[in-house]
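Undergrad: Be aware that the sequence shown starts at -18, since it is given in the numbering used here, and climbs by one per residue.
Don't be surprised by glycine CBs; every beta carbon is placed ideally from N, CA and C.
The structure presented is a predicted model; accordingly, all values stated were derived computationally and were not measured.
Here it is, the structure, as C-alpha cells.
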Amino acid sequence: PLPVFDNALIRVRYPDTPTPTATATPTDTPTATATPTASNTPTATASPTASNTPTITPTPTDTPTATPTPIYTIYIPTIIQLPCKPRTVDVVLVVDLSSSMLRPAGDGGSKLDAVLRAARAFIDSFEPGPGRGRIALAAFNDQAWIVQPLTEDHDRLDAALDALPRRIAEGTRLDLGLLVGKAALEGVEPGRVKAMVFLTDGLPNRVPTPMPGGRQEDTVLTAAEAVRSAGILIQTVGYGRADAPELVDRILPWLLEAIAGGPEGYHETDDAGALAVVFRRIAVALGCVPEVVWP
-18 PLPVFDNALI RVRYPDTPTP TATATPTDTP TATATPTASN TPTATASPTA SNTPTITPTP
42 TDTPTATPTP IYTIYIPTII QLPCKPRTVD VVLVVDLSSS MLRPAGDGGS KLDAVLRAAR
102 AFIDSFEPGP GRGRIALAAF NDQAWIVQPL TEDHDRLDAA LDALPRRIAE GTRLDLGLLV
162 GKAALEGVEP GRVKAMVFLT DGLPNRVPTP MPGGRQEDTV LTAAEAVRSA GILIQTVGYG
222 RADAPELVDR ILPWLLEAIA GGPEGYHETD DAGALAVVFR RIAVALGCVP EVVWP
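Now the structure itself:
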C-alpha cells in the first residue's frame, strides 16, 4: 500500500492582477533656448548665439519607479501519495503490561484491549512474510521478557497476543523493556532493517537510579542509547497525556521523544480508537522507503 499523508499542505505564491509599470507623470515642456546659427563648418556641438534672454534650464524629473506587484500566500489542503520502495524489516513490538493497562479506555473496554487491537492492526498492515520481514513480541512491567521471537507466522503472533493479559503486574521498567526489545533483534542478518515499536501508558516506575543523584529517566535514556547504538530504529507510542487528571494515566512526552531519538519518532494519543490508526501508520512507514514524486 502507498502511505497517505492526509495533513499535507502545499503553499502557493501568486501575484494578483498584474500591475503595469508606472508611467512617468508628464512635466511642463521647458522653454527652448535660442536656435544656433547654421555654419558650413561642421562642428561637434552647435554653438548657440548669445542672447540677452536668460536660458531656462529644465528641472530634472525623478525616474519613475515601478510599483511592486503584491505577492499573496495561500495554503491548499492536499492528499499526497508517495510511491513506496519496499524494504525488509525485522521489528519487535514492546508492550507495557503494568497494572494501569487494566484501567477503562473510554470505549467500554480496557486500555489493554485497545493495545491488543492496535498490535493486531500493526501485524495486518505490516504483512510479515518473505521480502517483508518478521515480527517479534516483548513485554514489560516490573520485569521484561520476550513473548514471541521473530516470526512470519500470523498464528504464532495471535497466540502470543492472547497470552498477554495473564502477565499484567505492577511496575513500569521502561529500561528493561528497551533492553529486552534489543535482545529480541540480536542475530538479525545484515541487510535487514531492525526496528522497535515501544508502547507505554505511564511514567517510569521502580527503575533504579544511577548514583549519585541520578533519576529514573537517566537509566531509561542509557538503555535507549544502547538500543540505537545497535542500529535499531525506535518508534515510541505514548498512550495517555502529560496532563491527564489521574497520575496513573500520565506519560512523559519529552522522555519518549528522547528514547526515539527525536520528535519524528514519537507518537501520542489517549484515544482507544486512534491507537490502532497510529500503529497502522507506523507499520506502513517502516515497511517502505518513500520516494517523493511530483507530477
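Mark T190 as exposed unless 16 or more other C-beta atoms lie within 10 angstroms of its C-beta, in which case mark it buried.
TA: The residue in question, T190, is exposed, as its Cβ has fewer than 16 Cβ neighbours within 10 Å.
Undergrad: Report all residues from its chain with a CB closer than 7 Å to the CB of E238; omit the five preceding and five following residues, and keep chain order.
TA: Correct list, in chain order: P244, Y247.
Undergrad: Answer with buried or exposed for T26, where buried requires no fewer than 16 other C-beta atoms within 10 angstroms of its C-beta.
TA: Only weak support is given to the placement of T26: the predicted model assigns it a pLDDT of 49, under 50, and the question is left unresolved by the model.
Undergrad: Can you give, in chain order, each stretch of the alpha helix (DSSP H) that sits fully within the region 194 to 273 and has at least 4 residues?
TA: Complete alpha helix (DSSP H) runs here, min 4: 197 to 210, 234 to 241, 253 to 267.
Undergrad: Take the Cβ of A15 as the centre, count every other Cβ of all protein chains shown within 10 Å, and call the residue buried at 16 or more, exposed below.
TA: Note on A15: pLDDT 49, under 50, position unreliable in the model; the coordinate value appears next. Flag for A15 reads exposed.
Undergrad: Taking only three categories from DSSP, how would you classify T82?
TA: Reading off the sequence, residue 82 comes out as Met, not Thr. Residue state, collapsed to three classes: helix.
Undergrad: For F103 versus L74, is the C-beta spacing smaller than 8 Å?
TA: Against a cut-off of 8 Å, the Cβ pair of L74 and F103 comes out as a contact.
Undergrad: Determine the direct distance from the alpha carbon of A125 to that of A205, and round the result to whole angstroms.
TA: Going by the C-alpha atoms only, they are around 15 Å apart.
Undergrad: For K66, does the count of other Cβ atoms within 10 angstroms reach 16, so buried, or fall short, so exposed?
TA: Classification of K66: exposed, given that the 10 Å Cβ count is below 16.
Undergrad: Compute the Euclidean distance between the alpha carbons of A176 and L159, then round it to the nearest angstrom.
TA: Answer to the nearest angstrom: the Cα atoms are 12 Å apart.
Undergrad: So what does L118 bridge to, in DSSP terms?
TA: Its beta-bridge partners are L74, Q129.
Undergrad: Within this structure, are the beta carbons of L97 and I149 separated by less than 8 Å?
TA: Going by C-beta atoms, L97 is not nearer than 8 Å to I149.
Undergrad: Exposed or buried, M192, counting other C-beta atoms within 10 Å across all chains shown (16 or more means buried)?
TA: It counts as exposed.
Undergrad: Does the distance from the C-beta atom of G212 to that of S81 stay below 8 Å?
TA: Taking 8 Å as the Cβ cut-off, G212 and S81 do not qualify as a contacting pair.
Undergrad: The alpha helix (DSSP H) spanning V161 covers which residue range?
TA: Note, V161: alpha helix (DSSP H), 155 to 165.
Undergrad: Tell me the residue span of the beta strand (DSSP E) that contains L180.
TA: From DSSP, the beta strand (DSSP E) with L180 extends over 174 to 181.
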